[in-house]
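Colleague:
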Amino acid sequence: MLDCRQLILLQELDLKIDEVKKQIEEKKQKFLRMQKDVSNEEALLEKKCSLLKNIKLRKNKAELEADDLNHKLKTNELKMQRAGVSPKDYAAFEKMSATLKKQLDEEETKILTDMEKIELLTADIDKNTKIVAGRKQHLEMVRIRTSEEIIGDKKQLELINTERNQASLKVDSNVLTKYEELRNKKKGQVLFGIDTTACPKCGMGIPAGTLGAIKSSNEAEACDNCGIYLYWIGPKE
Ligand SMILES: [Zn+2]
């Protein structure tokens, strides 16, 4: 049996401490998730920027290629217009012209396609740059607010801890050791006031002997199944 009267307050304070610690952790995690989302968006934006750079380079290359083809085409046409060109040479120049025109056409199609891509991507990047900047600003506000809240939570935690330490002085040291061992093992609530015949933690039915013992005293008894402590708050026999 465990004298649980002083433990009830102690556990109440311990559960409050658990709750505040949980809140601090949740706030930290929430901020970290937001931070991760923003860095993912930033990384995506960077990828889009480097894609844009590559498309621009590709377009520049195609433009140079087109200039070169244009130049070749003009030279070829000048050769065709020269006096005294044999019909055989003329036919060869004509064939060359057709080939060059086809190549030029292909390069120009590439340039146009890339120009469209550049236009779309630039608009997308502009829009996303603004969005990311807004999110970063918001994140900074959340960071400040979260750290202020956590400072408040930690102050509250200190107060409860002080109260808890004072409460623990009133508990018999053997009882305190047992309680703390159980809390280390089970976490959370380990002492339950009950008015029914089942353990609230594990659901097992409580044997008549145990029930009789807790009903006739102010002490707590361990649940045979899960080991948490039970005390009676129902009508006494
Ligand atoms: Zn149990």
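Residue numbers (my numbering): 286 to 522. Built from N, CA and C at the ideal position, the CB exists for glycine as well.
If you follow the alpha helix (DSSP H) that Gly419 is in, where does it begin and where does it stop?
Modeller: Here residue 419 corresponds to residue number 134 of the sequence shown, with the count starting at 1. Looking at the DSSP string, the run of the alpha helix (DSSP H) that includes Gly419 is 372 to 454.
Colleague: Grab me the residues of Asp406's own chain with a C-beta within less than 6 Å of its C-beta, minus the 5 sequence neighbours each way, in chain order.
Modeller: Working through the sequence shown from its first residue, we reach residue 406 at position 121. Note on identity: in this sequence residue 406 is Leu, with Asp being the wrong assignment. Correct list, in chain order: Leu337.
Colleague: Does DSSP put Gly494 in a helix, in a strand, or in coil?
Modeller: Locating residue 494 in the sequence shown gives position 209, where the first residue counts as 1. Helix, per DSSP.
Colleague: Listed by chain order, which residues have C-beta atoms less than 6 Å from any heavy atom of ligand 1?
Modeller: The answer, residue by residue, is Cys484, Lys486, Cys487, Met489, Cys508, Asn510, Cys511, Ile513.
Colleague: Taking Cβ to Cβ, would you say Thr495 is nearer than 9 Å to Glu506?
Modeller: The residue given as residue 495 occupies position 210 in the sequence shown. The residue given as residue 506 occupies position 221 in the sequence shown. Cβ distance < 9 Å, so Thr495 and Glu506 count as in contact.
Colleague: Return the CA-CA distance between Lys500 and Pro492, expressed in angstroms with no decimal places.
Modeller: Position 215 of the sequence shown, counted from the first residue, corresponds to residue 500. Position 207 of the sequence shown, counted from the first residue, corresponds to residue 492. Cα to Cα, Lys500 sits roughly 12 Å from Pro492.
Colleague: Indicate the three-state DSSP secondary structure (helix, strand or coil) for Ala328 in the structure shown.
Modeller: The count along the sequence shown starts at 1 and reaches residue 328 at position 43. Looking at Ala328 - three-state DSSP - the assignment turns out to be helix.
Colleague: What did DSSP end up calling Ile479 once you bin it into helix, strand or coil?
Modeller: Position 194 of the sequence shown, counted from the first residue, corresponds to residue 479. In this structure, Ile479 counts as strand in the three-state DSSP scheme.
Colleague: Give the DSSP-derived three-state secondary structure of Ala507 in the structure shown.
Modeller: Within the sequence shown, numbered from 1, the residue matching residue 507 stands at position 222. Reduced to three states, the DSSP call for Ala507 is strand.
Colleague: Could you check the C-alpha separation between Arg290 and Arg430 for me, to the nearest Å?
Modeller: Working through the sequence shown from its first residue, we reach residue 290 at position 5. Working through the sequence shown from its first residue, we reach residue 430 at position 145. Rounded to whole angstroms, Arg290 to Arg430 spans 40 Å at the Cα level.
Colleague: I need the DSSP call for Asp288, collapsed to helix, strand or coil.
Modeller: Along the sequence shown, one-based indexing puts residue 288 at 3. Three-state result, Asp288: strand.
Colleague: Using alpha carbons as the reference points, say which of Asp288, Leu287, Gln296 lies closest to Asn450.
Modeller: Mapped onto the sequence shown, residue 450 falls at position 165. Looking at the Cα atoms, Gln296 is the closest of the given residues.
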